[in-house]
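A short worksheet on the structure shown next.
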Amino acid sequence: MRHIAVAAGMLGLLCAPAHAEAREIDRDTLPAGDGWASYGAGTTGGAAADDAHVHTVTDRAGLVRALDSGSDTPKIIRIAGTVDANSDDDGDHLDCADYATGGYSLKKYLAAYDPRSWGSAKPSGPQEEARKASAARQAERVVLPVGSNTTIVGLRGAVLKGASLQVRNADNVIVRNLDLRDAYDCFPVWQPNTGGLGDWKTAYDNLWLTGATHVWIDHVTASDKGHPDEAEPTYFARNYLRHDGLLDITNGSDLVTVSWSRFTGHDKAILIGNGDTVAGDRGKLRVTLHHNAFDSIAQRAPRVRFGQVHLYNNRYEVTDGHRYSLGVSTESGIHAENNAFHTPGHVEAADLVKSWNGTALHQSGTLFNGYPVDLLAIHNAYNGGSERDLTADVGWTPTLHTKIDSAAVADREVAHGAGAGRIP
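So in my numbering, the last one in the sequence shown is 433, and the numbering has no gaps at all.
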């Protein structure tokens, strides 16, 4: 009888739906008090959707139909399996050559705009026009608009690759339990004057909030998996980057909570506020980041302009190529509590904070390789006069947050609990 019971149990597991979850999360809403996205009316996403607007999608065409051109209709979109944004309407994969038009080729582009012959002028002419036309063809496929009152959830093992989810001027959006990877730009543009030597500029973030309000991002994994930038060549003595940010929160976006997510294997992870002179961002960009893992992130974890950002109980695993973690920029107010950093021996605590026109940083309870440190005091002591000293007064105190654990407790919990597929 015992053997029969075991066999029956195994049969039950084998017969379970391939995308079954431990529990239904489709109609979950952000709990009260869980960060800035709980402010005011809170964030409910598509919880009010009727049955006709609950969709399970398995390919790009189905996802596009479910998104409904970014409409405001309450909707729940469940992603099953791997959805490839670089695919045609029949589901066949498209590569960069399929988008190229107008005679564009990378070889011709490099020959046309080599700084040694072209100089420092902005690219123009046939190859730049062909690049723009080719880029527009890719954008038609990979840019996916997310409208108000929408919940997007990944079912077990769900992956959305090659896409740039864009929440543009929308309110009340939830994205959960989804592996977002490889928002790969086939047609980067050369910008001769960027950074003095010039640089390559890419187009797509895995997830971009622009003018968005009341957004909850939870148990998401964001990465370049599939096409890491370190595998790309160097042109004009600059890295030929194919990816922009993992998550950008810009253009007056406000009231955002990012929780229990994993950002991994990337250069510039999270940008909050897109310019030092964007007056419309003043008083907005209120963002909470808690219980997130930043693994092998070179910079922007996050970089903040203007916003009141509560950063607590996050875990940082720093590796080679690290430039900084916390970017303190114009009129920013970062309130950092009980975060844990793990670094190799050549990365010092003084390397974790970088300031551009910033004036203040609140920090407390920080662990650096298991030891308590004061990031503010260390920054001010070791910035070498190249940056102004920061004060501890960021002008506000967070009131909307979950329980704030010690950095040591959060460190262990985030290591095991952050990212897609790990909702308890």
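C-beta: ideal position from N, C-alpha, C; glycine also.
DSSP bridge partner residues for Asn215 (one or two, in chain order): By 1-based counting over the sequence shown, the position of residue 215 is 206. DSSP lists no beta-bridge partner residue for Asn215.
Environment of Ser47 [buried if 16+ CB atoms lie within 10 Å]: Looking up residue 47 in the sequence shown gives position 38. The residue is buried, with at least 16 neighbouring Cβ atoms inside 10 Å.
Distance CB(Glu361)-CB(Tyr321) smaller than 9 Å: Counting from one through the sequence shown, the residue named residue 361 turns up at place 352. Counting from one through the sequence shown, the residue named residue 321 turns up at place 312. Contrary to the premise, residue 361 reads as Leu rather than Glu in this sequence. Result no, Cβ atoms of Leu361 and Tyr321 do not sit closer than 9 Å.
Where Leu115 falls: helix, strand or coil (DSSP): The sequence position of residue 115 within the sequence shown is 106, counting from 1. Here Leu115 carries a helix assignment [DSSP, helix/strand/coil].
Alpha-carbon spacing of Asp35 relative to Ser80, whole angstroms: Looking up residue 35 in the sequence shown gives position 26. Looking up residue 80 in the sequence shown gives position 71. Their backbone Cα atoms lie some 19 Å apart in a straight line.
DSSP three-state assignment for Leu22, whether helix, strand or coil: As a working note, residue 22 is residue 13 in the sequence shown. Bear in mind that the predicted position of Leu22 carries a pLDDT of just 36, short of 50, making it too unreliable to give a figure here.
Where Glu340 falls, given that 16 or more other Cβ within 10 Å makes a residue buried: One-based indexing of the sequence shown puts residue 340 at position 331. Its Cβ being crowded by 16 or more others within 10 Å, Glu340 is buried.
Pairwise C-alpha distance: Gly156 and Thr52: As a position in the sequence shown, residue 52 is number 43, starting the count at 1. As a position in the sequence shown, residue 156 is number 147, starting the count at 1. Those two C-alpha atoms are separated by around 14 Å.
Pair within 9 Å by beta-carbon distance, Leu255 and Lys277: By 1-based counting over the sequence shown, the position of residue 255 is 246. By 1-based counting over the sequence shown, the position of residue 277 is 268. Their beta carbons are under 9 Å apart, which means Leu255 touches Lys277 by this criterion.
Close Cβ partners of Thr38 (< 6 Å) along its chain, the five nearest in sequence each way excluded: As a working mapping, residue 38 is identified with position 29 in the sequence shown. The beta carbon of Thr38 is closer than 6 Å to those of Thr53 and Ala56 in its chain, skipping five residues each way along the sequence.
Length of the line joining the Cα atoms of Ile432 and Leu264: As a working note, residue 432 is residue 423 in the sequence shown. As a working note, residue 264 is residue 255 in the sequence shown. Taking the straight line joining both Cα atoms gives about 22 Å.
Residue nearest to Asn95 in terms of C-alpha spacing, selected from His223, Lys363 and Val151: Numbered from its first residue, the sequence shown carries residue 95 at position 86. Taking only the C-alpha atoms, the option nearest Asn95 is Val151.
Residue ranges of each beta strand (DSSP E) within the segment 200 to 283, 3 or longer: Within the segment 200 to 283, complete beta strand (DSSP E) segments of at least 3 residues are found at 208 to 210, 216 to 219, 222 to 227, 230 to 232, 256 to 259, 263 to 268, 271 to 277 and 279 to 281, given in chain order.
Proximal residues to Leu22 (C-beta, below 7 Å), its chain only, five neighbours per side dropped: Your numbering for residue 22 matches position 13 in the sequence shown. Residue confidence for Leu22 is low, a pLDDT of 36 falling below 50, so the modelled location carries little weight and cannot support an answer.
Residue span of the beta strand (DSSP E) that contains Val155, given as start and end: Start at 1 with the first residue of the sequence shown, and residue 155 comes out as number 146. Annotation: Val155 is outside any beta strand (DSSP E) and is labelled neither H nor E by DSSP.
Inter-residue Cα distance where the pair is Gln136 and Lys117: Position 127 of the sequence shown, counting from 1, holds the residue named residue 136. Position 108 of the sequence shown, counting from 1, holds the residue named residue 117. Whole-angstrom Cα-Cα distance: 7 Å.
CB-CB length for Asn181 against His223, believed under 8 Å: Taking the first residue of the sequence shown as 1, we reach residue 181 at position 172. Taking the first residue of the sequence shown as 1, we reach residue 223 at position 214. About 5 Å separates the two Cβ atoms, so the contact holds.
Buried versus exposed call for Glu357 [16 or more other C-beta atoms within 10 Å across all chains shown]: The residue given as residue 357 occupies position 348 in the sequence shown. Residue environment: Glu357 is assigned as exposed (fewer than 16 neighbouring CB atoms within 10 Å of its CB, all protein chains considered).
Three-state class that DSSP yields for Asp290 in the structure shown: One-based indexing of the sequence shown puts residue 290 at position 281. Correct three-state label for Asp290: helix.
Which listed residue (Gly112, Asp97 and Trp127) has its alpha carbon closest to that of Glu149: Sequence index remark: in the sequence shown, residue 149 carries index 140 (1-based). Glu149 has its Cα closest to that of Asp97, out of Gly112, Asp97 and Trp127.
Asp123 beta carbon less than 9 Å from that of Ala429: Stepping through the sequence shown from its first residue, residue 429 is reached at position 420. Stepping through the sequence shown from its first residue, residue 123 is reached at position 114. In terms of Cβ geometry, Ala429 and Asp123 do not form a close pair [threshold 9 Å].
Beta-carbon gap between Arg69 and Asp93 smaller than 9 Å: Taking the first residue of the sequence shown as position 1, residue 69 is located at position 60. Taking the first residue of the sequence shown as position 1, residue 93 is located at position 84. Between Arg69 and Asp93, the C-beta spacing is below 9 Å.
Supposed close pair Ala89, Thr65 - CB separation, criterion 8 Å: The residue given as residue 89 occupies position 80 in the sequence shown. The residue given as residue 65 occupies position 56 in the sequence shown. Contact between Ala89 and Thr65 holds: their C-beta atoms lie close to 6 Å from each other, under 8 Å.
Test item: CB-CB of Gly289 and Arg314 under 9 Å: Against the sequence shown, residue 289 aligns to sequence position 280. Against the sequence shown, residue 314 aligns to sequence position 305. In this structure, Arg314 does not lie closer than 9 Å to Gly289 by Cβ.
Classification of Ser415 by the beta-carbon crowding that lies within 10 angstroms, buried from 16 upward: Within the sequence shown, the letter at position 406 stands for residue 415. Ser415 should be labelled exposed.
Range covered by the beta strand (DSSP E) that runs through His344: Here the question's residue 344 lines up with position 335 in the sequence shown. For His344, the enclosing beta strand (DSSP E) starts and ends at Gly342 to Glu346.
Own chain, CB closer than 6 Å to Leu376, minus 5 neighbours either side, in chain order: One-based indexing of the sequence shown puts residue 376 at position 367. Close CB contacts of Leu376 within its chain, under the 6 Å cut and outside five residues either way in sequence, are with Ala349 and Ala416 (chain order).
Three CB pairs or more closer than 8 Å across the segment 388 to 403 and the segment 225 to 245: A contact is defined here as three or more CB-CB pairs under 8 Å, and the segment 388 to 403 fails this definition with respect to the segment 225 to 245.
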